[in-house]
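Residues in the sequence shown are numbered consecutively from 17, following this note's numbering. The beta carbon of each residue, even a glycine, is placed where N, CA and C say it ideally should be. Okay, structure first, notes after.
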Amino acid sequence: MQSPDSQPVKVLILYYSLSAQTSVLVHRLGAGLEAQGVHPVCERLQPIIPRKFPIGTVPATLAMMLATFLRMRIPIQPLPPSCWERYDLIVLAGPTWSYNPSGPVLSLLDRDGARLFGGQQVLPLISCRGYWRMHWLSLRWQLERCGGKVVNRMIFAHPSKEPWRTIGVFLKLAGRVPERSRWLGRYYPRYGHSREQQDEAFAFGAAIGQALKLGSSLVALSFGSGRSGQGGASGCTGP
Ligand SMILES: Cc1cc2nc3c(=O)[nH]c(=O)nc-3n(C[C@H](O)[C@H](O)[C@H](O)COP(=O)(O)O)c2cc1C
């Protein structure tokens with residue numbers, strides 16, 4: 017599929033995911049792009065020391081929350097050569113960690129940000145339990161400082177209600193299975209994003225693919241949530 021200037025339309029989806037939530041969303045987004053004839057190149061940031069999910073214990077989870085609140089970097093492997101090709105758009109995706117971008121994304125911005133994002137259209141995708149605004153503001157600021165053109169945002173928040181969502185995510189990180197608890201499971205049926213949000217990611221991919229093919233602006237696209245309530249950019253709850 018060609019863009020109006022007759023070059024093939026290319027999208028790089030660069031992401032990090034610890035508990036597979038961002039991963040599922042970006043793969044559905046990629047499928048939506050493909051449905052429009054746009055070929056996505058999907059690359060996961062690889063920490064030099066692999067991180068495991070669940071973290072496993074309450075003290076280790078609290079320690080990670082403190083470290084990530086202090087914006088601890090997690091060093092990553094060099095990017096594969098495919099990341100350095102020409103792209104019409106880079107989607108930068110990852111989870112919120114203690115109101116910040118995740119450690120691997122912070123490392124990417126420090127090391128490769130200017131070269132990768134300078135003069136480039138960038139569309140961040142955030143997967144979070146519900147508190148994404150600080151993450152969004154700092155990520156946009158950092159991308160713009162690297163010379164990136166941040167054209168829009170896609171925000172996906174876990175659809176479970178508070179306070180069960182916060183309790184559920186914490187227990188899950190600490191290695192418990194809250195959704196199977198006889199009592200908590202009534203209020204917290206699942207960890208992470210819903211099937212509707214995955215479908216929404218597919219629809220976003222299709223809309224992006226269509227806009228890129230037509231050469232129209234991604235700024236005007238609406239990534240507000242129709243079905244999943246708290247998942248979309250316009251319908252989100254924040255801190
Ligand atoms: C250390 C840590 C801190 C987190 N802090 C936040 C937070 O501040 N706000 C939020 O909404 N979600 C927070 N979360 C939840 C994740 O953003 C959420 O579970 C996300 O969907 C995980 O995506 P992933 O599976 O792609 O890693 C945190 C998760 C971890 C591991």
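Hey, residue i and residue j: beta-carbon distance below 9 Å or not?
| i | j | result |
| --- | --- | --- |
| serine 176 | proline 205 | yes |
| tyrosine 32 | arginine 60 | yes |
| arginine 161 | leucine 122 | no |
| glycine 53 | isoleucine 224 | no |
| tryptophan 113 | threonine 77 | no |
| cysteine 144 | alanine 173 | yes |
| glycine 221 | glycine 46 | yes |
| leucine 34 | leucine 95 | no |
| valine 107 | isoleucine 183 | no |
| phenylalanine 218 | arginine 44 | yes |
Please classify residue i as buried or exposed, where buried requires at least 16 neighbouring CB atoms within 10 angstroms.
| i | result |
| --- | --- |
| glutamine 23 | exposed |
| valine 27 | buried |
| threonine 73 | exposed |
| proline 120 | buried |
| arginine 12 | In the structure displayed, the chain extends from 17 to 255; residue 12 sits before or after that span and is not available. |
| alanine 79 | exposed |
| leucine 153 | exposed |
| isoleucine 65 | exposed |
| tryptophan 148 | buried |
Report the rounded CA-to-CA distance for residue i versus residue j, giving the unit in angstroms.
| i | j | result |
| --- | --- | --- |
| isoleucine 142 | leucine 82 | 20 Å |
| leucine 125 | proline 194 | 34 Å |
| alanine 236 | valine 42 | 21 Å |
| glutamine 93 | proline 63 | 6 Å |
| aspartate 128 | lysine 229 | 28 Å |
| glutamine 137 | tryptophan 180 | 37 Å |
Does DSSP put residue i in a helix, a strand or coil?
| i | result |
| --- | --- |
| glycine 240 | coil |
| valine 121 | helix |
| alanine 79 | helix |
| valine 40 | helix |
Could you give the first and the last residue of the continuous alpha helix (DSSP H) run that contains residue i?
| i | result |
| --- | --- |
| serine 143 | No alpha helix (DSSP H) holds serine 143; the beta strand (DSSP E) holding it covers 137-144. |
| threonine 180 | In the sequence under discussion, the amino acid at residue 180 is tryptophan, which differs from the threonine named in the question. Note, tryptophan 180: alpha helix (DSSP H), 180-189. |
| isoleucine 224 | 211-230 |
| tryptophan 100 | No alpha helix (DSSP H) holds tryptophan 100; DSSP gives it neither H nor E. |
If I follow the unbroken beta strand (DSSP E) through residue i, where does it start and stop?
| i | result |
| --- | --- |
| glutamate 59 | 55-60 |
| methionine 150 | Looking at the DSSP string, methionine 150 is not in any beta strand (DSSP E); the run it does join, the alpha helix (DSSP H), is 149-161. |
| tryptophan 113 | 105-113 |
| phenylalanine 69 | Per DSSP, phenylalanine 69 belongs to no beta strand (DSSP E) and is neither H nor E. |
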